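Sequence order for the protein chains is A and B.
Letter 161 of the first sequence, counting from 1, is numbered 163 in the numbering used here, and no numbers are missing.
Letter 615 of the second sequence, counting from 1, is numbered 617 in the numbering used here, and no numbers are missing.
2 protein chains.
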Amino acid sequence: MKAQPLPSLEPLPLQQVVIEDAFWTPRVETNRMVTLPTEYEQCRVTGRIDAWRLDWTPGAPNPPHHFWDSDVAKWIEAAGYSLATHPDPALEARVDAVIERIAAAQQPDGYLNIHFTVVEPENRWRNLRDMHELYCAGHLMEAAVAYYQGTGKRVLLDVLCRYADYITSVFGPGPGQKRGYPGHEEIELALVKLYRVTGERRYLDLAAFFIDARGTQPHYYDLEARERGEDPAAWRLGRYDYNQSHLPVREQTTAEGHAVRAMYLYSGMADVAAETGDETLVAACRRLWENVTTRRMYITGGIGSTATGERFTYDYDLPNDLAYAETCAAIGLVFWAHRMVQLEADARYADVMERALYNGVLSGISLDGKRFFYANPLEVDPVAMERRSDLFRSTVVTPTRQEWFGCACCPPNIARLLASLGAYAYAVDASARTAYVHLYLGGRASLSLGGTPVTLEQATRYPWEGEVQLTVDTEGAVPFTLALRIPAWCRQATLAVNGQPLEVASLLQRGYARIERVWRRGDVVTLQLPMPVERIEAHPAVHENAGRVALQRGPVVYCLEEADNGPHLRDVVVPRSAPLEATYVPDLLGGVVVLRGQGWRRDAARWGSALYRPVGAPTRAMTVTAIPYYAWANRAPGEMLVWLREA
Amino acid sequence: MKAQPLPSLEPLPLQQVVIEDAFWTPRVETNRMVTLPTEYEQCRVTGRIDAWRLDWTPGAPNPPHHFWDSDVAKWIEAAGYSLATHPDPALEARVDAVIERIAAAQQPDGYLNIHFTVVEPENRWRNLRDMHELYCAGHLMEAAVAYYQGTGKRVLLDVLCRYADYITSVFGPGPGQKRGYPGHEEIELALVKLYRVTGERRYLDLAAFFIDARGTQPHYYDLEARERGEDPAAWRLGRYDYNQSHLPVREQTTAEGHAVRAMYLYSGMADVAAETGDETLVAACRRLWENVTTRRMYITGGIGSTATGERFTYDYDLPNDLAYAETCAAIGLVFWAHRMVQLEADARYADVMERALYNGVLSGISLDGKRFFYANPLEVDPVAMERRSDLFRSTVVTPTRQEWFGCACCPPNIARLLASLGAYAYAVDASARTAYVHLYLGGRASLSLGGTPVTLEQATRYPWEGEVQLTVDTEGAVPFTLALRIPAWCRQATLAVNGQPLEVASLLQRGYARIERVWRRGDVVTLQLPMPVERIEAHPAVHENAGRVALQRGPVVYCLEEADNGPHLRDVVVPRSAPLEATYVPDLLGGVVVLRGQGWRRDAARWGSALYRPVGAPTRAMTVTAIPYYAWANRAPGEMLVWLREA
């Protein structure tokens, strides 16, 4: 039974969105001018580019790692997005040269993977559980689609179609086909992209097969391990929930295991559901969403709270200093949230997308675009980190961003998200003649509503100011609905069209204020999203945050840094009664709104040497200064803290 | 240069101290009647007793572990102490039977170690770094001395003297002797005990040699590893500070590495210093003491804050839920503190001894004497523990006491401390005609001061009530000084002799109120140590405890348990202004003073499903009930918390 695709919003092609925004334009430009060249250089010096020559031979140093392909693929994907809106012949030439090597590396049967061609060709497809062949294939498919859409060039797309055709022959329910599925999900959503751009149904079918086969019995990874002569129970990682194969996906109700894998799987489930009309997959996504966002997500949108397995742990386990919250996982949450909001037109998904974007994603990259966090803790004491690292040789979580990583998934991941930001801001529901604004950022979107071109011009100082002005430009009178997200953090939104106030509450459906009218050129919608500083508390079951608040203003979560507040940040108190003043400081950290208020702390200098003493230690007043969380660690290394003592 | 022994207080032989105390007598009796038989049984069923037959053969199951000897030794030592004050023919017969086997296991050259006799005889003395031959020897020496002192029987003492003589021939600075020293310290303090009971100077010299050789270059463990054909740098544990051999002991200024090893080393250093007059060792002990007690000790007297290496970490790193705080380490701190107070007659050592004893030591054993904690965290969430254990297979820290452990050091360690408690309570400085009272507990001490027998009768309801009455019984008029510890936790002590008040401040020297007078039979000293409930705060650098207080009354540290207060204990607030009422509850947990006060918490039931929300969640008032920390986990498993939110 092939059901119909689900009704779904459509994001705009990147070419139809122009970003001209005080907050985002510098970031998109830095991404293009600094991050993309930096990442290429890192790929080059680490051997990831040359590895495509397939000239590594056994015994030589630096054997190509089994996920190197994906790093280069994500870089190409990012370049493809960037080229869609910012032509750049030098970049394009560089990508073309890499693509030429990739194309040349494709095997006669269509297979395309560096590691399993030169390092262990005898093991092709023999260990889906641990290896990343299908994952790398998925990233190459995403790159191919993005580069094709950005430049119109088909070389890589054709290569990947050949590879996909070969994979389709190897995996599936047919006779002689492997029943396996990837240990690291990714190819599912990539196959749907390939299906959408090519119209080849077999790619969608394979995505659905991978999703349906996952976690069924007899367990493929058991069979596969035995075929390798291994005891499945002796697996280093121990539990199949690590890669979400502990149960068939429709029976999964809690987000388990490696967080990035989970996000890519759930995104693929949403994609397959959208195309096949499979409501059971949507229902599973909804249950998993509920679990992630009400039990297992940091206030920054970070997910996967432990470094051990880079994984989800259990409900309400959200340690701050030991937080892992991998940049890639927050990016994956953006991907999944974006798919869910397209499916359900419900702003709760876009709210989380925004939360992750402005906080747990952006924190992954330095302001200069050159350095990256893999882990994004909510509390950092560099002294403790250094000593722990010295004692326990654990250096996963660092107090400063790094130039690159052996496992370098995060840097190109953030690059591809920033390069494609426009795709997340708007959407169209063509059947309902509705234009959605998910994200507020300055620029222009060119839509087509009922066959009529419409331009939405957006002007805003978001996220620092809550006023958004949308100007409609079109020919004649066009009836359509403009659906504006009213963020959940905003409780006093007001709205006017051409100066005439509208009652937001009566327009609100699933978090979107829906203005249905006949629009004409020059119509101006003014949305006011007041941004008082909010003190946020966490559920009482989040034991670590009891007695503590996070500061949030608009979508931006704040933190204290030692640079502004001195050490022992855990001791700083911001009384609930203290006013918190928000001030835009243009020359700080690229321009940020800082929050300042009167607080106090114990006076460590007057404490004395005792470790314990009866209460009543001398305290001293202080001005507490908070900066946006995403901007931390761009000054001298020091303590950082999101959840502040309240008293 | 052989200097004179340092002037030092002398503890009383166990036979001279009678404990008749509402708090301690039941514990000492449970130790004798329940714990000692239980531990014997555990040693028996696990093969530790039979192993002395030396009939294990390669290939047979259950090979004797290289520290089994020490478990049995500590049990014998505990029995020896118990027999000194409580004759028990059945127990004595049982010990004699074990000793007979041990004596029969001694090799012709005097060597005595099960593992290295039957499992790997070729490796005798080849890996001091990792193996426990000298450690086991030390425990056997302590057992021999205790059993000899408790029963007058010399069999084991003679066996251990022969073993010590052999060890003395193997190790030392002479030609052909090994320059090594134990990876797990213990034999140093044991050799001093053996020296004290035999007068054989060579035992003291060997103890001093082990201490002096430690951490010198070239490093013995480097040489030894190379001799085994191993790369010293490939050591699993990596850092020589793990066993305190990173520096010569006199250059060590911070407490590093495995906490139990550190305590046994520092105790040995104090012992050697006392006997040899080596002030440089005392100075090192003082520096290390300062570091431990002002930077690296839990309020419970627990030390060694991480399970990884059971070790000290770094200054102010005192996590509550991840605390290791091994029972043996707190016991080791009691040993070291006791030696320091004898050396320096300064109550700050006895204060810490008391802190550890009533809190971090006693928490190691269940009220029924049958179950034991290895780790003693200050915060427990059994749900989190279970899930962590499930996810990470880490089961080191448990929310309930266990019957036994594969590494069973803690159970017999606590038994030997409880059986010898009397030795810690009193001391005499014969040269200064001074009797010291370190610990307050009911009973009698028989002293000799200036050749005159004096009995001190102590009556008190300590630690629940702060009144202590000491009655002197002697012949005629005896001039001596009675030095009573004024605990640092007490700020309003009062003192009277025969009803005549004395000014405490003017009598105070290094924490002891020194009453110098001519005493007569029936003189009564009344010491009042008022015990208000104290809220204690931790140094601002202990980040985890910011905004939190511990409740302490007298020497007893309190905690909340879920059984009294429901779950989410981290959320419970006890405002500083709330009175805390102390009530003795005879039928609770063997009779304890509980603390009760009015507090509040957020109302989880009315919170809703959101993970984060603006402040202002509904709260509800509650009666907060705190019980002594040592008594936790004697009811239904649940959360436990020492450091409470204050507001």
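Glycine included, each C-beta is placed from N, C-alpha and C at the ideal position.
These figures come from a predicted structure and were not determined experimentally.
Separation of residue 208/B and residue 409/B (C-alpha to C-alpha, rounded to the nearest whole angstrom) is 28 Å. By the neighbour-count criterion, in which a residue is buried when 16 or more other Cβ atoms sit within 10 angstroms of its Cβ, residue 625/A is exposed.
Close partners of residue 548/B in chain A (Cβ separation under 7 Å): 572, 573 and 647. Of all alpha-carbon atoms in 649/A, 210/A, 206/A and 72/A, the one lying nearest the alpha-carbon of residue 116/A is that of 72/A. Among the residues of chain B, none has a CB under 9 Å from the CB of residue 237/A; the nearest is roughly 13 Å distant.
Looking from the CA of residue 473/A, the closest CA among 499/A, 334/A, 564/A and 189/A belongs to 499/A.
Residue nearest to residue 598/B within the set 582/B, 609/B, 590/B and 591/B is 582/B (criterion: CA-CA distance).
Excluding the 5 residues flanking it on each side, residue 494/A has same chain C-beta neighbours closer than 7 Å at 532, in chain order. The Cβ atoms of residue 263/A and residue 245/A sit closer than 8 Å to each other. Scanning its chain for C-beta atoms nearer than 8 Å, with the 5 sequence neighbours on each side dropped, one finds around residue 203/A the residues 197, in chain order. Here the alpha carbons of residue 364/A and residue 218/A stand approximately 37 Å from one another. Residue 356/B is outside the set of residues whose beta carbon lies under 8 Å from a beta carbon in chain A. The beta carbon of residue 615/A falls within 8 Å of a beta carbon belonging to chain B, placing the residue at that interface.
The C-alpha of residue 633/A lies about 7 Å from the C-alpha of residue 369/A. With distances taken between CA atoms, residue 74/B lies nearest to 100/B out of 63/B, 100/B, 87/B and 95/B.
Not flagged as an interface residue toward chain B: residue 495/A, since no C-beta distance is shorter than 8 Å.
Scanning the region 477–508 of chain B from its first residue to its last, no whole alpha helix (DSSP H) run of 4-plus residues comes out. With a beta-carbon spacing of about 15 Å, residue 475/B and residue 519/B fall beyond the 8 Å limit used to define contacts.
Within the same chain, 377 and 379 come within 6 Å of residue 399/B by CB-CB distance, once the 5 residues on both sides are set aside.
As the crow flies, the alpha-carbon of residue 69/A is around 11 Å from that of residue 186/A. Counting along the chain, residue 621/B sits inside no alpha helix (DSSP H); it lies in the beta strand (DSSP E) bounded by residues 621–630. Around the beta carbon of residue 278/B, 16 or more other beta carbons sit within 10 angstroms, so the residue counts as buried. Under the Cβ distance rule, residue 212/B does not count among the residues neighbouring chain A, no pair being separated by less than 8 Å. For residue 329/A, no Cβ of chain B is located within less than 8 Å of the residue's own Cβ. A contact is defined here as three or more CB-CB pairs under 8 Å, and the region 126–140 of chain A meets this definition with respect to the region 181–195 of chain A. Residues of chain A with a Cβ closer than 9 Å to the Cβ of residue 346/B do not exist, since the nearest Cβ in that chain sits about 18 Å away. The Cβ atoms of residue 302/A and residue 631/A lie closer than 8 Å to each other. Contact between the region 635–644 of chain B and the region 561–579 of chain A is not established, with fewer than three Cβ pairs separated by less than 8 Å. Against residue 205/B, chain A offers no close residue; the least beta-carbon distance is about 36 Å (beta-carbon pairs closer than 9 Å). Distance between residue 347/A and residue 10/A, taken at the CA atoms: about 8 Å. When Cβ pairs closer than 8 Å are counted between the two stretches, the region 438–450 of chain B is seen to touch the region 10–26 of chain B, the count reaching three or more. With its beta carbon less than 8 Å from one in chain B, residue 316/A belongs to the interface.
Here the C-alpha atom of residue 183/A lies approximately 41 Å from the C-alpha atom of residue 325/B. Beta-carbon to beta-carbon, residue 38/A and residue 80/A are separated by about 6 Å, close enough to satisfy the 8 Å threshold. Around residue 609/B, the beta-carbon contacts reaching into chain A at under 8 Å are 541 and 542. A Cβ-Cβ contact shorter than 8 Å links residue 451/A with residue 480/A.
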